[in-house]
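Asker: Residue numbers (UniProt numbering): 28 to 388. Here you go, one structure.
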Ligand code: ATP
């Protein structure tokens, strides 16, 4: 490549200062991102944060207003260049899978293999059918497949031409809830088996954390943090990332000397990760996840708060408890007791690790 250096060290995909404006609307306001060979990275963020626009810019379906996109070191957009989508060697799996209804499963998969002879095409199609677990389905029509099977075909079709980068736009949104969880594992398995570099887009944090090697959290057109799922959960670098990942709530605290005062009690200052002396006397918001707090039975007179919502989250409940001063925190279900909305409860801090915190707003 023109950039020289060892190609194996080079990110497969690189975005530098990418901005995309639509008229006066700024959809992407400065994205820098490098995705490594074989990595599965997810763009995660709320609706309107610019995820889809970023993905479409990588695909070549949008032209960036500013900035540069490189695939394997070659500029595909920016610096006066624009390589059209079909010449980028970037594959895309669309939300609705977009299979050709009049073609068989095998013909769908063979669709992008225009430069191969018939024998090579058959071999490649067989390989992909095997990879996605549909070896006996080549002759079927897409109409006769389940949602999960259609997704497998869409993946196989995109992987067939061996793209440098595979893009997946909200890949699970068209599947029913039960299938979604099953297909997450399956899609990750297939992507890893193919060894392809992949970027997916979702607003579902659980999905992002469960399938990705790294997650890029987007907010207002920029990436706030890129990290492995565990790192993102344990060390959120911004209040936005903290609040977007893992049912967070914030507990207001005042730092007093060696202690912090909160609506649920006084705790040692050492509980707050890396809090320096300059915050003594200041108000901070402490990140508390449901596992860190426990609702306990108590009398109305001694209660610290009241249950305002009860959410079933698979194996247990999360209680939303309004404290005396009006702030709401999320507490994990204590298996000894069961509370209803309206119950008065005590709240205990049971964190067994230091907590992240942010300057109060
Ligand atoms: P969602 O999850 O809802 O798809 P998103 O994070 O993918 O959201 P984008 O679709 O990238 O967000 O949109 C980012 C912003 O850019 C939004 O405010 C959107 O209205 C705007 N936008 C996107 N495409 C266009 C367009 N073609 N013309 C004008 N504005 C656009």
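Yeah, the Cβ is synthetic: ideal placement off N, Cα and C, and Gly gets one too. Computed from a prediction, not measured in an experiment: that's the story for all the values here.
(1) Any idea if residue 135 is buried or exposed, counting beta-carbon neighbours within 10 angstroms, 16 or more meaning buried?
(2) Could you check what DSSP says for residue 163 in three-state terms: helix, strand or coil?
(3) Taking its Cβ as the centre, do 16 or more other Cβ atoms sit within 10 Å of residue 382, making it buried, or is it exposed?
(4) Determine whether the beta carbon atoms of residue 178 and residue 193 lie at a separation below 8 Å.
(5) Which same chain residues end up closer than 7 Å to residue 103 when comparing Cβ atoms and leaving out the 5 residues on each side of it in sequence?
(6) From the DSSP output, in three-state form, read off residue 210 for me.
(7) Rounded to whole angstroms, what is the Cα-Cα separation between residue 328 and residue 271?
(8) How about residue 165 and residue 152: are their beta carbons less than 8 Å apart?
(9) Within a Cβ cutoff of 7 Å, which residues of the same chain sit near residue 77, ignoring the five residues on either side of it in sequence?
(10) According to the neighbour-count rule (16 or more other Cβ atoms, all chains shown, within 10 Å of its Cβ), is residue 297 buried or exposed?
(11) Compare the beta carbon distance of residue 334 and residue 278 with 8 Å and say whether it is the shorter of the two.
(12) Is residue 64 near the ligand ATP, judged by its Cβ being under 7 Å from some heavy atom?
(13) Determine the burial state of residue 125: buried for a count of at least 16 other Cβ atoms within 10 Å of its Cβ, exposed for fewer.
(14) Would you identify the three-state DSSP class for residue 29, choosing helix, strand or coil?
(15) CB residue 187 to CB residue 120, shorter than 8 Å?
(16) Just to confirm my understanding: we take residue 106, look at its own chain, exclude 5 residues before and 5 after, and list those with CB closer than 8 Å. What are they?
(17) Just tell me which of 372, 215, 184 has its CA closest to the CA of residue 141.
(18) Just the C-alpha distance for residue 243 and residue 204, rounded to the nearest angstrom, thanks.
(19) Would you mind sorting residue 372 into buried or exposed? The rule is 16 or more other CB atoms within 10 Å of its CB.
(20) Are the CB atoms of residue 211 and residue 234 within a distance shorter than 8 Å?
(21) Which residues does DSSP list as the beta-bridge partners of residue 118?
(22) Measuring only the C-alpha atoms, how far is residue 70 from residue 57?
(23) Among 93, 149, 253, 370, whose alpha-carbon lies nearest the alpha-carbon of residue 62?
(24) Mind listing, in chain order, the residues whose beta carbon lies closer than 6 Å to a non-hydrogen atom of the ligand ATP?
(25) Using only the alpha-carbon positions, how far apart do residue 213 and residue 82 sit?
(26) Taking a contact to mean a Cβ-Cβ separation below 8 Å, would you say residue 195 touches residue 228 in this structure?
(27) Can you say whether residue 346 is buried or exposed, counting buried as having 16 or more other CB atoms within 10 angstroms of its CB?
(28) Please state the DSSP three-state secondary structure of residue 176.
(29) How far does the alpha helix (DSSP H) with residue 146 in it extend, from its first residue to its last?
(30) Once you ignore the five residues that flank residue 30 on each side, which residues in its own chain have a CB closer than 6 Å to its CB?
(31) Measuring straight from C-alpha to C-alpha, what distance separates residue 232 and residue 92?
(32) Within 10 angstroms of its Cβ, does residue 340 collect 16 or more other Cβ (buried), or is it exposed?
(33) Taking the beta strand (DSSP E) that residue 300 belongs to, which residues open and close that run?
(34) Can you give me the Cβ contacts of residue 161 inside the same chain, cut-off strictly under 6 Å, excluding the 5 residues immediately before and after it?
(35) Using the Cβ count rule (16 or more neighbours within 10 Å means buried), how would you classify residue 366?
(36) Would you mind giving the Cβ-Cβ distance between residue 307 and residue 284, rounded to the nearest angstrom? I have them listed as a contact below 8 Å.
Answerer: So, to answer that:
(1) buried
(2) helix
(3) buried
(4) no
(5) 87, 96, 97, 110, 115
(6) helix
(7) Approximately 34 Å, taken between the alpha carbons.
(8) yes
(9) 54, 55, 245, 248
(10) exposed
(11) no
(12) no
(13) exposed
(14) With a pLDDT of only 44 at residue 29, under 50, the local geometry of the prediction cannot be trusted, and the value read off the model is given with reservation. Note: residue 29 maps to coil in three-state DSSP.
(15) no
(16) The answer, listed in chain order, is 95.
(17) 184
(18) 24 Å
(19) buried
(20) yes
(21) Beta-bridge partners of residue 118 (DSSP): 193.
(22) 14 Å
(23) Of the candidates 93, 149, 253, 370, the one whose C-alpha sits nearest the C-alpha of residue 62 is 253.
(24) Going down the chain, each residue whose beta-carbon is closer than 6 Å to a heavy atom of the ligand ATP shows up: 49, 52, 54, 72, 74, 75, 76, 77, 78, 79, 80, 230.
(25) 22 Å
(26) yes
(27) buried
(28) helix
(29) Note, residue 146: alpha helix (DSSP H), 145 to 158.
(30) Here the model assigns residue 30 a pLDDT of 46, short of 50, so the residue's position is not dependable, and the following value carries that caveat. Result list for residue 30: 100, in chain order.
(31) 29 Å
(32) It is exposed - the Cβ of residue 340 has fewer than 16 other Cβ atoms within 10 Å.
(33) No beta strand (DSSP E) contains residue 300, which DSSP labels as neither H nor E.
(34) Closer than 6 Å at Cβ, skipping near neighbours: 179.
(35) Residue 366 should be labelled buried.
(36) 6 Å
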